[in-house]
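Student: Counting the sequence shown from 1 gives a position; the working numbering is that position plus 307. Here it is, the structure, as structure tokens.
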Amino acid sequence: MLDLSDCIWFCRHLDLQGIMKRSKNAHKKLDALLEKIIKEQEGIRTKKNEKVQGGHLKHLLDILLDVPENNNAEFKLTRENIKAVILNFINHPHIFQKAREEIDSVVGKNRLVEESDIPNLPYLQATVKETLRLHPPDCKVGEYDIPKNTKLLVNVWIIGRDAKHWEHPLEFCPNRFIIEEGSLKSQLDVRGHQYQLLPFGSGKRGCPGISLALRSVQTTLANIIQCFELRVASGNGATVDMSEAPGLLLTRAHPLIFVPVARFNLSPLI
Ligand code: HEM
Numbered sequence: 308m309l310d311l312s313d314c315i316w317f318c319r320h321l322d323l324q325g326i327m328k329r330s331k332n333a334h335k336k337l338d339a340l341l342e343k344i345i346k347e348q349e350g351i352r353t354k355k356n357e358k359v360q361g362g363h364l365k366h367l368l369d370i371l372l373d374v375p376e377n378n379n380a381e382f383k384l385t386r387e388n389i390k391a392v393i394l395n396f397i398n399h400p401h402i403f404q405k406a407r408e409e410i411d412s413v414v415g416k417n418r419l420v421e422e423s424d425i426p427n428l429p430y431l432q433a434t435v436k437e438t439l440r441l442h443p444p445d446c447k448v449g450e451y452d453i454p455k456n457t458k459l460l461v462n463v464w465i466i467g468r469d470a471k472h473w474e475h476p477l478e479f480c481p482n483r484f485i486i487e488e489g490s491l492k493s494q495l496d497v498r499g500h501q502y503q504l505l506p507f508g509s510g511k512r513g514c515p516g517i518s519l520a521l522r523s524v525q526t527t528l529a530n531i532i533q534c535f536e537l538r539v540a541s542g543n544g545a546t547v548d549m550s551e552a553p554g555l556l557l558t559r560a561h562p563l564i565f566v567p568v569a570r571f572n573l574s575p576l577i
């Protein structure tokens with residue numbers, strides 16, 4: 308569901324549709340449910356006189372649920388992810404059983420599963436993937452927590468002017484893309500692989516017209532440079548005002564008016 312508070316910045320703390328409230332309630336319910344399960348387990352085990360086995364289970368769950376977040380990990384495992392996996396296992400005992408059979412047959416019972424075993428445990432991997440499909444994790448970008456389902460708009464304009472990534476960011480300097488021998492720096496492309504340069508977006512919703520766009524823009528520009536001198540309409544030595552009008556699409560504040568003057572007789576070429 309689109310959260311209006313995400314779209315209107317001055318409403319961002321208002322929770323207009325009660326989404327945050329519902330989410331908090333759901334988390335509370337999950338916590339209560341887990342607590343209940345732990346108590347039930349403890350009850351069952353102590354009744355069977357299994358030397359406070361339940362205490363072990365509670366301890367194990369406490370460790371799992373309070374697992375400290377590892378900020379360096381490529382994928383951060385949150386309390387919510389672990390809860391989701393455990394609850395899915397509790398709700399689907401046959402899946403739990405199948406995952407366990409796989410582990411028993413690949414690893415056995417004489418040692419703990421190690422990271423190097425994971426490639427040999429496809430069903431376990433599939434279970435985690437399935438959990439992530441239904442319960443996608445929140446994510447953290449820099450110092451910001453991005454809750455799941457957030458509509459995130461990336462400000463490519465600011466990124467292109469960020470002094471952390473670009474030397475003299477406000478200067479128009481094509482040389483920043485050239486290495487000394489005159490060839491292009493291949494590692495700095497516009498295809499969404501380098502996040503400091505994203506004119507066509509990135510990822511699977513990135514612009515599919517990128518090759519056509521680059522071909523037409525580059526060829527047209529090359530033709531203009533080849534054939535014309537460009538004179539700014541307002542007179543000799545005048546520069547073009549590049550300021551942008553306010554708005555989402557950043558159109559020009561002032562129309563571009565120039566006079567193309569043919570450098571040579573173009574008639575044989577056209
Ligand atoms: C210089 C020219 C162009 C630029 C700067 C440009 C830029 C973009 C950008 C920034 C996006 C959004 C990407 C994202 O959300 O991550 C986009 C999407 C798209 N572009 Fe382009 N584009 C250009 C030319 C073209 C051309 C020539 C075509 C088709 C022939 C095209 C077709 C599309 C389509 C269909 C999408 C939507 C993709 C989707 O939502 O999955 N674009 N473009």
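Every residue, glycine too, gets a C-beta built ideally from N, C-alpha and C.
Nearest to SER412 by CA position, among LEU428, PRO400, THR527, is which residue?
Tutor: Within the sequence shown, residue 412 is the residue found at index 105, counting from 1. Checking every option, the nearest Cα to that of SER412 belongs to LEU428.
Student: Under 8 Å between the Cβ atoms of ASP424 and VAL435?
Tutor: Taking the sequence shown and counting its residues from 1, one reaches residue 424 at position 117. Taking the sequence shown and counting its residues from 1, one reaches residue 435 at position 128. No; because the gap between Cβ atoms is not below 8 Å, this pair is not in contact.
Student: With a cut-off of 8 Å, do at least 3 Cβ pairs link the stretch 544-562 to the stretch 514-532?
Tutor: No, because fewer than three Cβ pairs between the stretch 544-562 and the stretch 514-532 fall closer than 8 Å, the two stretches do not touch.
Student: Please list, in chain order, all residues of the same chain as GLU472 whose beta carbon is under 7 Å from its beta carbon, the five residues on each side excluded.
Tutor: Residue mapping note: residue 472 aligns to position 165 of the sequence shown, counting from 1. The question names Glu, but residue 472 is His in the sequence shown. Closer than 7 Å at Cβ, skipping near neighbours: GLN503.
Student: Is there contact between the stretch 495-510 and the stretch 457-471, where contact requires at least three CB pairs shorter than 8 Å?
Tutor: Yes, since at least three Cβ pairs between the stretch 495-510 and the stretch 457-471 fall closer than 8 Å, the two stretches touch.
Student: When you compare the CB positions of PHE571 and VAL539, do they come within less than 8 Å of one another, or not?
Tutor: Within the sequence shown, residue 571 is the residue found at index 264, counting from 1. Within the sequence shown, residue 539 is the residue found at index 232, counting from 1. It is not a contact, given that the beta carbons lie outside the stated cut-off.
Student: Nearest to PHE479 by CA position, among GLY449, GLU487, GLU488, ARG468, is which residue?
Tutor: For the purposes of this step, residue 479 is taken as residue 172 along the sequence shown, with counting starting at 1. Of the listed residues, the one whose Cα sits closest to PHE479 is ARG468.
Student: Measuring straight from C-alpha to C-alpha, what distance separates LEU459 and ILE453?
Tutor: Within the sequence shown, numbered from 1, the residue matching residue 459 stands at position 152. Within the sequence shown, numbered from 1, the residue matching residue 453 stands at position 146. In a straight line, the C-alpha of LEU459 is about 8 Å away from that of ILE453.
Student: Have a look at GLY516 and LYS447 and give me their C-alpha separation to the nearest angstrom.
Tutor: Within the sequence shown, residue 516 is the residue found at index 209, counting from 1. Within the sequence shown, residue 447 is the residue found at index 140, counting from 1. Distance between the alpha carbons of GLY516 and LYS447 is about 30 Å.
Student: Between which two residues does the alpha helix (DSSP H) holding ASP411 run?
Tutor: For the purposes of this step, residue 411 is taken as the residue at position 104 of the sequence shown. ASP411 -> alpha helix (DSSP H) spans 400-413.
Student: Just curious, the beta strand (DSSP E) that CYS446 is in, first and last residue?
Tutor: As a first step, residue 446 must be located in the sequence shown, where it is residue number 139. Per DSSP, CYS446 belongs to the beta strand (DSSP E) from 446-448.
Student: Does ligand 1 have even one heavy atom less than 7 Å from the beta-carbon of LEU459?
Tutor: By one-based count along the sequence shown, residue 459 stands at place 152. The answer is no for LEU459.
Student: Indicate, with yes or no, if ligand 1 has a heavy atom lying under 7 Å from the CB of VAL448.
Tutor: Sequence index remark: in the sequence shown, residue 448 carries index 141 (1-based). No.
Student: Answer yes or no: do GLU551 and ALA560 have a C-beta to C-beta separation smaller than 8 Å?
Tutor: Reading the sequence shown from its first residue, position 244 is the one you call residue 551. Reading the sequence shown from its first residue, position 253 is the one you call residue 560. Contact flag set, yes.
Student: In the DSSP assignment, what residue or residues form a beta bridge with VAL566?
Tutor: Position 259 of the sequence shown, counted from the first residue, corresponds to residue 566. DSSP output for VAL566 lists ARG538 as bridge partner(s).
Student: Could you check where the beta strand (DSSP E) with ILE453 kicks off and where it finishes?
Tutor: Residue mapping note: residue 453 aligns to position 146 of the sequence shown, counting from 1. ILE453 -> beta strand (DSSP E) spans 451-453.
Student: How many angstroms separate the CA atom of THR526 from the CA atom of TYR451?
Tutor: Taking the sequence shown and counting its residues from 1, the one referred to as residue 526 is at position 219. Taking the sequence shown and counting its residues from 1, the one referred to as residue 451 is at position 144. About 41 Å.
Student: Would the C-beta of LEU504 count as close to ligand 1, meaning under 7 Å from any of its heavy atoms?
Tutor: Here residue 504 corresponds to residue number 197 of the sequence shown, with the count starting at 1. Incorrect: LEU504 has no Cβ contact closer than 7 Å to ligand 1.
Student: Please name the residue or residues paired with ARG559 in a DSSP beta bridge.
Tutor: As a working note, residue 559 is residue 252 in the sequence shown. DSSP, once it has assigned bridges, lists GLU551 as partnering ARG559.
Student: With a threshold of 6 Å on Cβ separation, who are the neighbours of ILE486 within its own chain once the five nearest residues in sequence on each side are excluded?
Tutor: The count along the sequence shown starts at 1 and reaches residue 486 at position 179. Counting only Cβ-Cβ distances below 6 Å, and skipping sequence neighbours, we find LYS492.
Student: Tell me which residue opens and which closes the alpha helix (DSSP H) that VAL463 is part of.
Tutor: Against the sequence shown, residue 463 aligns to sequence position 156. First-last of the alpha helix (DSSP H) with VAL463: 463-466.
Student: Tell me, which residues are paired with ILE485 by DSSP?
Tutor: Mapped onto the sequence shown, residue 485 falls at position 178. LEU491.
Student: In the structure shown, what three-state DSSP assignment does PHE396 receive?
Tutor: Stepping through the sequence shown from its first residue, residue 396 is reached at position 89. PHE396: helix per DSSP, three-state reduction.
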